[in-house]
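Read the structure below first, then the notes.
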């Protein structure tokens, strides 16, 4: 809650307490406590309005940014493919061989 809404809530609570303290026993002409009941209902309604205004939605801003580090680098001897002749017992043949390092 912001400072302003806290101040308004405290002010409303204080005003409600003052009104409740000032209210005396009702006179018989006031329909057996009708004014006190109206004050209580009005206080509940005012409290509901102030409470709903104080608990309204807030904007929290954008979330944290995402950071991805550099990709892993693999070091090693360079490999390459070459053709190699070999004797298989029947004649010379050629096969591909991977040469590393």
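Residue numbers (mature numbering (1 follows the signal peptide of the UniProt record, and there is no 0)): -31 to -1, 1 to 70. Think of the CB as a built atom: it goes at the ideal place given N, C-alpha and C, for glycine as much as any other residue. Quick caveat: nothing in here was measured; it's all calculated off a predicted structure.
The C-alpha of residue 46 is placed about 22 Å away from the C-alpha of residue 39. Rounded to the nearest whole angstrom, the CA to CA distance from residue 70 to residue 48 is 7 Å. Between the stretch 9 to 22 and the stretch 48 to 57 there are fewer than three C-beta pairs closer than 8 Å, too few to call the two in contact. Counting only residues of its own chain and dropping the five nearest sequence neighbours on each side, residue 61 has a CB closer than 8 Å to the CB of 54, 55. For residue 66 and residue 57, the gap between their C-alpha atoms comes out near 15 Å. Counting along the chain, residue 42 sits inside no alpha helix (DSSP H), nor does DSSP assign it H or E at all. Measuring C-alpha to C-alpha distances from residue 15 to each of -13, -28, 35 identifies -13 as the nearest.
Pairing residue -28 with residue -18, the inter-Cα distance amounts to about 15 Å.
Between the C-alpha atoms of residue -16 and residue 4 there is a straight-line separation of about 15 Å.
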